[in-house]
Every structure is written in C-alpha cells, then in structure tokens.
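Protein chains in written order, with the working numbering: chain A, 337 to 739; chain B, 337 to 739.
Using N, Cα and C, we set each Cβ at its ideal position, and we do this for glycine too.
The structure presented is a predicted model; accordingly, all values stated were derived computationally and were not measured.
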C-alpha cells in the first residue's frame, strides 16, 4: 500500500540526518544558508541520474566517477550560489578537496562523499568557504533538519520543495523522502535541477538504478525535457537499508509506485515554481502515432514562448496550440484534432466548437493548475509534460541574474 | 556586378505595381491599411517556399495548389489582421472567392491570383471586407506604392521592411525588389513570416525555384529555424521578364548572389524587429563536426530563453552559451571551445580568459547589433543564425495579443 505524499523530506527515512549553514558562497553576505549536508548512519547503496549535457559541471563528473566505482556512499555535500561548471581541472580538484575535508570531519572515506552544486556558471568555487564550515555542518546534523537542507540548495526558487511517502510491503514499512530545487524556466531549460532522494529500504544496486531511471523518465524528464539539461542537473538517491524491509523483484512495482508518486509530486512543484511563473499547466498529448511523436508534440507545446505567453494572458488562443503541434514533427491530420481545457471540449476536428466557449476557457486558465489535452487521433500513444507560463518576471529574473 | 541593397521594394523592378487599402479586417476601425495588392503588367513565372508546419493555413494550401499547376501568375492579394488558418473548408473557399473577385476586377484568370494572410489564427476571414475594396485596390495600383503594400502587411512589426537591388549581368541589368514582415519572436517562432520578392529577370521556372530555395535556406531559414514555422509562412517570388535580361546557368551565380544579398538583408531586418527586441545578435558556430551539428548548435543558442535574456541584460554570462551548446546535440570537447564577442576573445579552451574582460564584453553587448562566435574545434563546418533579445515587452505583446 502506498501512502500519500506528506510532510517530510530527506531525513524522514530511518537513519538519515541533515544540516545547513551559511558559507557566504556568493560573497554578498546574504542572511541565508547556502551549504547543506546529508549523512546516513549506515552505508548507502547509491544511484544517480545526471545531465546529458556535453558540458558537465565538475561535481557531476565527480559523482559519476564515484557511481562507476560502485562503492557505498554515506554523505552528500551540496551548495547553492556557484555551479562549479566550466571551471576545468581546478573545478574537479575543488570537489576532491571538499570531499576529503568532509570525509575527515565525518571520519569516513573521501569516496563516500558526494558533491552537488548549483548557481552561476564559470566562476571558481570558493573551496575554503565550504571547507571552513565543516564543523558547523557536521555538528549540526540532526534528523529533523531535512527542511533546512532543502532551503539551503534553493537558488531562484520561491518555495521549498520536499516531501516523504510510506510504502507498506510484505517485507515491512519502507519510507522514501526527497527534496528538489529547480525554478529555472524548466522546459526549455538550462537551469539546474538538483534532487536528493533517501530511503531506508534494502535494495540491490541494479534495482535501485533501474527504478530511479524508470521513474525519472516519466517525471523529471517530462519537466526538464530529455536531452536539454543544464550542466549540473542531478538526481541522487541513497538507500541505507535501515528499515530492514527488502525491495525485490516481487515487490518492485509497489516500491516503484511509491517512488513515482514522490518524484511526480516534486517534478510538479518545480514546474509550479518556474521562474516568474504564476501557474502550472499539464500538456497532455493523446493518441499520437508513436511515443516519440507524443513526446515531441507535448514538449514542443510546453516549450513554445507563444503558448507560454498565452497562458500568462489567460487567452484560449487555440490557434497557437494547433500551430505548435503542427511544427513539432508529429504527424497528424489537423482536421481530426480535438483540444480540451480540463474537461471543456473546445476544438473539434480542428475547428473551435463555439466562440461562446471562450469565457469558460478563460475561467479555467485563471486557475493555478489546469490541463490542456490535444487529441491527435493518429494512433494510441499518449504522454504528459509539465510546464508553466512565461511572465515579465521571468525576463527580469534572468536578465538581472548576476547583478 | 551586384549593387548594394538600397531604397526600393516590390515595385522597383520594371512592370510591377502595388496598392494598399483599409479593409477593417480586425473590425476595430484602425486607421491603417491592412490589405495590399501586387500586380505585374506581364505574366510572371512564380516560385514559392512555404511553411513545413503540418497545420497549413488556407492561403498556403491555395498557393501551393497554384504552384503545382505550374501556370503563370499576375497578382498577389495580401491581408494582415487575420491568418485564415485553422478555418477548414470555409477558409479554402474564402481564398477561391477572393481570387475570383480580384481576377474579375483585374480582367485576368482566377488562378493568376495568389493569396497571403497573416494575423490571428482560428477566426473566419471576412471575405466581404476584402472583396469590398477591390476597386480601391485595383484603381490604386501604382509603381511607387511598394512601401504602402509593405506597410499593409505588418502586424506587430514596428518597422517597415523593404529593399531593392540591381544585378548587372552580361545579358543586361536585372532588378530585384522585396518586402517582408515577421516581428514574431522569430527563433523559436510561430509568428508568421511573409515575404514578397519581384524581379524583372527572364528566368525559367526550375531555375527560379532552385535559386529561391537555396537562398531561403541560408537566410530566412536561419532566422525562423527550419522545421519550426508558423501556419502561414510564405516566400513568394515573381519574375515577369520585363527587363529583357535572361538568367541562365551561365550567370546563375551572379543572380543568386544578388538575391541572397536582398534576402539576407530582409531576414536580418526581421530579427532586428523581433517582438519587443532591442537588439539583433548573430550567432556564429564555427568548426562543428558536421553541418547538421553546426545548425543544431547555432539554433539551440539562438533559441535559448536564458541566452536571450542574457542579451537583454547585456550580461556576458558565457556559461549559458557553453551550457546551451552542450545541450544542443552537437558533439564537441568543452575543454577546446573558444568564444568571441565580436573580435573580443573571451573564452579560451572552455574557460574565461580574464574576468577583467567583462567590461569590454558589456560594451559590445550594448550595441544594436553584434556577433557571438563559438568555435567548437570539432571539425570544419560553420554556420550563422540571427536572433534577438527577449524582453518584457515580448511578454506584454504576446500575453495581450488578442485583447
């Protein structure tokens, strides 16, 4: 049985502690924490999904190397304010130095420590600032500080994004916790998405990799658009086994449903908190000829600035939806296409049913969340993408990002 | 010898006349012309490049049918304020009715008349309004009204875009004239681009098609992004032969260079007048492994909202350029990549040369036009894309478009 997502975060599963501190990474003496530490009392099996960008930040290269080695992990050190990307060999050395310093303070091995960074690209990471607060972070570790960790990794995020879920299996109760940050314009995004997921399940490495990859594909990869990721995007998942409950092939689907529910919630929170966004829209493409075309079509609509500004103005300008679908690469007959705003049937066989429906569509578009469904009637493949509106605040945030 | 682009437009070549009138297409009694007519005193060979969007507007379907028939053309009727797209069978009938009315008034055959429309999608075209002013348009035809025609087809354009050029060949002097409208956010665009090109050259149909296609590929398709066109995008070119000078295989390259110069100028004007744009930026990708990857990389950068807002803020945030190139699908080694702002060498082997260069880069980014060059050092294929910055005005224009 899968519980509902509820209050909680990375320290909700048994045996995980966290902490946060202000390292003044940006050098602007902001009164907020910008470094966070997660620690597990027992060694963790580790799985990760990392950016497919050719330009990978140093912490991504560093974590991928640890993943390849295949050993266990006990801690994650994360910072905001600096992405440590496009920093060359010095950037990678920074990761090693930080891991060594924290391993020393935690009395574990350096390759038991993962690193994650988010913030501005191309600026050297202030290593001393991060290692200088290692005692504060290590001494501060507590099992109720998941929220503090989640806050410390925020950049232009306006809301903290964390949750936890329980999965009751024959083998016993398993808890999964997670937090994320994103806020960039998402699709089409180059903003960093960092996600940390913890669980107290006992699970073999290959199963953990499998379940994380499968769930990422239908959650975070439907927000950040596959293949269009930032230099730092990372989903890091740790399983410490301290619940005593085992995930096997037998209860795999149960565990996967729990993880999916958690990740789907977090992914939606990212879209809802898109930079400058005032609302989240689900783009559902139904009955495409192939799954590839369904994804192309949904992602094209979700990424179109003209569609996203139509959301901003609450204008049911369905012509932009038709034109965007038509430019997506999906094959379909426009004269068969249906469009719905939530349950409101708005376009039938490629033509608006009645302009009198505009007011009803306008009312739906004023909601904080709604769904637009495009039925292509070209096959039986369907998918969803999450997106947000494009507002003047987005421009303001990103034109002034470094000032 | 190719002349420079100069004052002039569609009526500059011998034998072309034009006119414009107010048809009140939007029904808002605006004090501006929204319908225009081009007429040639002699029958024209006709070539067209039309949108690759699956959803094609009625006038596009109509003109493509005429192009397939292969007959001559003598007139083009264009309107702004309504795209006649997503209007089904009625939309196509509207084109036939308008062509018949104007053919009657001009005493030519209906299939000698082309139609072009731009404006809002999904609203029935007010045929009566367009046919109701046929006497005004036909009586108004004059060889100095290219500018009036160019103004009538503007939508959110803030500048009129027209020019003409002379090509001196052994066979005699050839004149080419053209006008365009675009203004949509260009790359990534769903805004309509309409371009009308006239010439008094004698040229065979297959050569006219060839030269237009080749020039469109390296001009307008570098602005509007190949495969990502609106429902109405059209480039219509008419050649009436009235100069007496012939284009053959022998002087083909001369003629092509002239046409390229004209189309390149018009394409840049579109980028410069992108909705809400305050400046035009040329994205030059050098030394990609393949031409496909050069195009992918340049178009990805030109389309990135994060890059476009960096232009808005005049912020030389080269990390966004690196990240965008890395997400483009082009293969390259980030540690070999060079970036230039105009002639300023800014990034060498993937790392900024000196942060003291920021002020110089900032000065360049304040210019109305500049070029960013990304040298991937991965091969020998290079290309250019034209783009513009993304401003709060863009959001305002597109969120309020129909109100």
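Please list the partners that residue i has in chain A, where partner means a Cβ-to-Cβ separation under 8 Å.
{"i": "residue 322 of chain B", "result": "Residue 322 of chain B lies beyond the stretch modelled for chain B, which goes from 337 to 739, so this question has no answer here."}
{"i": "residue 667 of chain B", "result": "390"}
Does the CB of residue i have a neighbour CB from chain B at under 7 Å?
{"i": "residue 389 of chain A", "result": "yes"}
{"i": "residue 605 of chain A", "result": "no"}
{"i": "residue 363 of chain A", "result": "no"}
{"i": "residue 645 of chain A", "result": "yes"}
{"i": "residue 670 of chain A", "result": "yes"}
{"i": "residue 522 of chain A", "result": "Low local confidence applies: a pLDDT of 47 at residue 522 of chain A is under 50, so the model's placement there is unreliable, with the coordinate-based value given in what follows. Cβ-Cβ to chain B under 7 Å: no for residue 522 of chain A."}
{"i": "residue 347 of chain A", "result": "no"}
{"i": "residue 338 of chain A", "result": "no"}
Within 7 Å of any Cβ in chain A, is that where the Cβ of residue i sits?
{"i": "residue 422 of chain B", "result": "yes"}
{"i": "residue 705 of chain B", "result": "no"}
{"i": "residue 688 of chain B", "result": "yes"}
List, in chain order, every chain B residue whose beta-carbon is nearer than 9 Å to that of residue i.
{"i": "residue 696 of chain A", "result": "Under the 9 Å cutoff, chain B gives no residues; its nearest Cβ is about 16 Å from residue 696 of chain A."}
Given residue i, which residues of its chain have a CB within under 8 Å of its CB, disregarding the five upstream and five downstream residues?
{"i": "residue 694 of chain A", "result": "652"}
{"i": "residue 408 of chain A", "result": "379, 380, 381, 382 and 448"}
{"i": "residue 641 of chain B", "result": "726"}
{"i": "residue 497 of chain B", "result": "486, 515, 516, 517, 518, 602, 605, 606 and 609"}
{"i": "residue 400 of chain B", "result": "384, 386 and 392"}
Using a cut-off of 7 Å between C-beta atoms, extract the partners of residue i located in chain A.
{"i": "residue 727 of chain B", "result": "731"}
Name the chain B residues whose beta carbon is nearer than 7 Å to that of residue i?
{"i": "residue 291 of chain A", "result": "Shown here, chain A extends from 337 to 739; a query on residue 291 of chain A therefore has no answer."}
{"i": "residue 467 of chain A", "result": "Chain B residues near residue 467 of chain A: none, gap ~23 Å exceeds 7 Å."}
{"i": "residue 723 of chain A", "result": "Those within 7 Å of residue 723 of chain A in chain B number zero; the least Cβ separation is about 12 Å."}
Excluding the 5 residues preceding and the 5 following residue i in the sequence, name in chain order all residues of the same chain whose CB lies nearer than 7 Å to its CB.
{"i": "residue 368 of chain A", "result": "358"}
{"i": "residue 397 of chain A", "result": "428"}
{"i": "residue 463 of chain A", "result": "430, 433 and 434"}
{"i": "residue 722 of chain B", "result": "558, 559, 603, 604, 607, 616 and 618"}
{"i": "residue 575 of chain B", "result": "380, 381, 535, 537, 539 and 544"}
Report yes if the C-beta distance between residue i and residue j is below 7 Å; otherwise report no.
{"i": "residue 474 of chain B", "j": "residue 418 of chain B", "result": "no"}
{"i": "residue 633 of chain A", "j": "residue 663 of chain A", "result": "no"}
{"i": "residue 612 of chain A", "j": "residue 489 of chain A", "result": "no"}
{"i": "residue 593 of chain B", "j": "residue 338 of chain B", "result": "yes"}
{"i": "residue 416 of chain A", "j": "residue 454 of chain A", "result": "yes"}
{"i": "residue 710 of chain A", "j": "residue 643 of chain A", "result": "no"}
{"i": "residue 487 of chain B", "j": "residue 354 of chain B", "result": "no"}
{"i": "residue 618 of chain A", "j": "residue 725 of chain A", "result": "no"}
{"i": "residue 678 of chain B", "j": "residue 707 of chain B", "result": "yes"}
{"i": "residue 658 of chain B", "j": "residue 391 of chain A", "result": "yes"}
{"i": "residue 682 of chain A", "j": "residue 697 of chain A", "result": "yes"}
{"i": "residue 581 of chain A", "j": "residue 719 of chain A", "result": "no"}
{"i": "residue 573 of chain B", "j": "residue 351 of chain B", "result": "no"}
{"i": "residue 528 of chain A", "j": "residue 566 of chain A", "result": "yes"}
{"i": "residue 424 of chain A", "j": "residue 687 of chain B", "result": "yes"}
Note down, in chain order, every chain B residue with its Cβ under 8 Å from the Cβ of residue i.
{"i": "residue 557 of chain A", "result": "In chain order: nothing, as chain B lies at least about 13 Å away."}
Can you name, in chain order, every residue of its own chain whose Cβ lies under 6 Å from the Cβ of residue i, other than the five neighbours on each side?
{"i": "residue 414 of chain A", "result": "372, 452 and 489"}
{"i": "residue 349 of chain B", "result": "511, 513, 534, 535 and 536"}
{"i": "residue 523 of chain A", "result": "In this predicted model, residue 523 of chain A has a pLDDT of only 43, less than 50, meaning its place in the structure is not dependable enough to derive any value."}
{"i": "residue 665 of chain A", "result": "632"}
Comparing the C-beta of residue i with each C-beta of chain E, is any distance below 7 Å?
{"i": "residue 488 of chain A", "result": "Protein chains in the displayed structure are A and B, and chain E is not among them."}
Check whether the segment 432-448 of chain B touches the segment 496-507 of chain B, counting contact only when three or more Cβ pairs, one atom from each stretch, lie closer than 8 Å. no
Below 8 Å, how does it come out for the segment 548-555 of chain B and the segment 506-515 of chain B: are there three or more Cβ pairs, yes or no? no
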